[in-house]
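Taken in sequence, the protein lines are chains A and B.
The first sequence runs 1 to 352 under my numbering.
The second sequence runs 1001 to 1352 under my numbering.
Ideal Cβ positions, reconstructed from N, Cα and C, are used throughout, including at glycine.
Just so it is clear, the structure is predicted and the values come from calculations on it, not from any experiment.
There are 2 protein chains.
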Amino acid sequence: MTADGESRCGVVAVDAMGGDNAPAEVLKGAVEAHRRGADVVLVGDERVITPILSEIDGTLRVVHANGAISMHDHVTRSLLKEQSSLRTAADLVMSGDAGAVVSAGNSAAIMAIGLSVFGRLPGIGRPAFGGTLPARNQGVFVLDIGANSSVKASNLIQFAVMGHAFVQLSSGISEPRIGLLSNGSEDSKGTQQVREANEALRKLDINFIGNVEGNQVFEGGVDVVVCDGFAGNILLKGAEGVASEIFELLKSELSKDFVARVAGAALMPVFSRIKRRVDYEEYGGVPVLGVNHVMVNCHGRSKAKAVTNAILLAAQLARERLPERIGRELREDELELGRRRRWARALHLKHD
Amino acid sequence: MTADGESRCGVVAVDAMGGDNAPAEVLKGAVEAHRRGADVVLVGDERVITPILSEIDGTLRVVHANGAISMHDHVTRSLLKEQSSLRTAADLVMSGDAGAVVSAGNSAAIMAIGLSVFGRLPGIGRPAFGGTLPARNQGVFVLDIGANSSVKASNLIQFAVMGHAFVQLSSGISEPRIGLLSNGSEDSKGTQQVREANEALRKLDINFIGNVEGNQVFEGGVDVVVCDGFAGNILLKGAEGVASEIFELLKSELSKDFVARVAGAALMPVFSRIKRRVDYEEYGGVPVLGVNHVMVNCHGRSKAKAVTNAILLAAQLARERLPERIGRELREDELELGRRRRWARALHLKHD
């Protein structure tokens, strides 16, 4: 890469047209990320973007794209829209004009464009979506949270490698604690894939703490939780559902009588702090791990704050070259002398 | 069955030695269930039980059993302990002296003894554990929550039939809304087993509402959630974990300053009400569905209240003959004219 290309690798190409609240909330989020130091280029319909930008006093570079992928477009249709804002954003990365893509659009389309435009990282069978959930005193990074309903043991091991690299980089934890999601903490628990992955992960030179159960995910004792996209999605959505129902219950109980209303009002700052702790918006976006460049997907319902956080995350991942880092972890020729890094061996399991 | 046997079918044989808090909490729970009208027989070591019973002023019939299955005994070891309290309780059902078994012991042992002593219901490939989770304004019954890590589509359909019968009987809902847990509400989402089960369940004359996501489980729009034991266990434990962390956070926030402490104290009744709503103890026990007699397993950590609720549930299920009811639903010769009950056809899927 040229010195010029090098300098652009921190530029984030933002799909201005993706998401339920696009483009207004996406633009607000991008302007704020820019204000906080991120190098941003907006991609989308100039005729729509420019008036909104001037309304919110934002000055960002815009790359025009004619079309957009809707939240309901199927994967094949998404891939056919060659002029879409998302596809154009990915093309900017391929031409070296940006180092990362952020979109709050359709996640199936994002994964499809990531795979077709960027390609998979060598050594990765299946890319995954990773998401940060709130846990005691920290966040916990869970992957896969929805890209792959069914996986092989080798995919789970690759997820562990990717999660390890992501958390090292994004949280600065030198030896993240890696757990394998299962229906019991004993090694014998889980599906065949989980049991095989458990055995293989024990042989790797990572901080593998064994199987973790659903409740342990939130207790603060694990940094990376590895699972298939079916279980991960259920864990994530279930957690969102429980938290949201508890707050609803609290709200309805606090309006029941005078004492509750007064005491509840006094505690508003407390409730807001707690709600903020368990709010997915605080955690910005979901990285697409295993493709050859940095992509971050925001929740479709994202408001400006989530977009800002996603852009800041994407800029960091691009600057610190996460995909290269994962690739390095996976390559046999990078095995460190004296450390028993056995990715390669562990990745060749009998059932794959 | 004789008239005498008939009258005993409501008797609940309680494993007095099973669970982390056995025998004391189990005995307290049994005495309370008896006070509330349940017909109970305690099974366990008389020399241990009698002094505790007299201490708590309880007068219940005791059937002596020499041994007990510990929480850590493996399945084979559990099956070999022919004098165990759990096995003796099951034998009481086989001899017609009781109609149901309740135990807070080792769930693997309970399933093993249910299968070996009672046998499976005809038409059921795999028995399941079902659990009630708190949802908006109601409970939601989820099965399987841990007996089967991997299932076929036919197992999921049988779970739907069993859940349907259980909720009709225990909650009096005439047409329970049945949902299939998946990583998306569209029919195309989920593992191959889930997609096949979705297709088959659509053909049955039940109130099948399609796939439900993790958050929908808690929103009050579904009465029975069908899933494999891996996903069910993760949903259940994840929900417990999130609720418990939110309450911990609340507790720590409420001790931070004077205003929070005062307002928090005023709101104690509110917090207790909410906590009670999401407390598994309120929901008593977990039925073992698909074996030939009624069995209810309490959480290993159960205190008296959970045991009482489990005994009352078991008595009801035995009186109303849940296993026969499930069997009837599954038998082709009971197909009602004019209703498109196609269990039999749906149960013969191409992949089984």
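Where residue i falls: helix, strand or coil (DSSP)
i, result
"D1228(B)", "coil"
"G1356(B)", "The shown model of chain B, from 1001 to 1352, leaves out residue 1356(B), and the question about it has no answer."
"I52(A)", "helix"
"G1139(B)", "strand"
"R310(A)", "Residue 310(A) is actually Ala in this sequence, not Arg. Of the three classes helix, strand and coil, the one that applies to A310(A) here is helix, per DSSP."
"G105(A)", "coil"
"M111(A)", "helix"
"D354(A)", "Coverage of chain A is limited to positions 1 through 352, which leaves residue 354(A) absent and any answer about it impossible."
"H1351(B)", "Note that H1351(B) scores a pLDDT of 41, beneath 50, so its modelled location is shaky; the value from the coordinates is reported in the next line. Coil at H1351(B), not helix or strand."
"V1278(B)", "coil"
"V222(A)", "coil"
"S1255(B)", "coil"
"R1036(B)", "coil"
"P1287(B)", "strand"
"S85(A)", "helix"
"L1201(B)", "helix"
"G1058(B)", "coil"
"N148(A)", "coil"
Cα-Cα separation, residue i to residue j
i, j, result
"R1035(B)", "I1113(B)", "29 angstroms"
"I1206(B)", "L1115(B)", "28 angstroms"
"G300(A)", "G18(A)", "8 angstroms"
"A24(A)", "A30(A)", "10 angstroms"
"T1076(B)", "H74(A)", "51 angstroms"
"D1097(B)", "D1091(B)", "9 angstroms"
"P323(A)", "H293(A)", "6 angstroms"
"S154(A)", "N309(A)", "31 angstroms"
"A1141(B)", "R1321(B)", "This sequence places Phe at residue 1141(B); Ala is not what is there. Taking the straight line joining both Cα atoms gives about 19 angstroms."
"R1340(B)", "E245(A)", "Residue confidence is low: R1340(B) scores 44 on pLDDT, short of 50, so the model does not pin down where it sits. No coordinate-derived value is stated."
"K28(A)", "T59(A)", "11 angstroms"
"S302(A)", "V296(A)", "13 angstroms"
"P1122(B)", "R325(A)", "55 angstroms"
Cβ pair residue i, residue j closer than 8 angstroms
i, j, result
"D1010(B)", "G1067(B)", "It is Gly, not Asp, that sits at residue 1010(B) in the sequence shown. Going by C-beta atoms, G1010(B) is not nearer than 8 angstroms to G1067(B)."
"A1013(B)", "V1026(B)", "no"
"E82(A)", "V62(A)", "no"
"L133(A)", "F159(A)", "no"
"V43(A)", "A65(A)", "yes"
"E213(A)", "G172(A)", "no"
"N1211(B)", "E1186(B)", "yes"
"R1120(B)", "V1291(B)", "yes"
"N215(A)", "E1240(B)", "yes"
"T191(A)", "S1149(B)", "yes"
"Q1316(B)", "S1170(B)", "yes"
"A147(A)", "A135(A)", "no"
"V151(A)", "Q193(A)", "yes"
"C298(A)", "A304(A)", "no"
"V242(A)", "F1218(B)", "yes"
Exposure label - residue i; buried when at least 16 CB within 10 Å
i, result
"D20(A)", "exposed"
"L1180(B)", "buried"
"H72(A)", "exposed"
"K1350(B)", "Because the pLDDT at K1350(B) is just 43, under 50, the model does not fix this residue reliably, and the value given afterwards should be weighed accordingly. Burial call: exposed."
"R1331(B)", "exposed"
"R177(A)", "buried"
"D1223(B)", "buried"
"R1126(B)", "buried"
"L1204(B)", "buried"
"L312(A)", "buried"
"K189(A)", "buried"
"D57(A)", "exposed"
"M1094(B)", "exposed"
"D333(A)", "Note that D333(A) scores a pLDDT of 38, beneath 50, so its modelled location is shaky and nothing firm can be said."
"G238(A)", "buried"
"R273(A)", "exposed"
"S1252(B)", "exposed"
"E1329(B)", "buried"
"G1037(B)", "exposed"
Near the ligand ATP: residue i beta-carbon under 7 angstroms from a heavy atom
i, result
"L201(A)", "The ligand ATP is not part of this structure, which contains no ligands at all."
| request: Taking 8 angstroms as the threshold, find out whether the region 1158-1168 of chain B comes into contact with the region 1283-1299 of chain B through three or more Cβ pairs. | output: yes
| Below 8 angstroms, can you find three or more Cβ-Cβ pairs linking the region 263-281 of chain A to the region 1258-1277 of chain B? | yes
| field | Contact between the region 190-205 of chain A and the region 114-131 of chain A (3+ Cβ pairs under 8 angstroms) | value | no
| Would you call the region 1047-1058 of chain B and the region 1095-1109 of chain B touching, i.e. three or more CB-CB distances under 8 angstroms? | no
| request: Kindly confirm or deny that the region 1239-1259 of chain B and the region 227-237 of chain A touch, where touching means at least three C-beta pairs closer than 8 angstroms. | output: no
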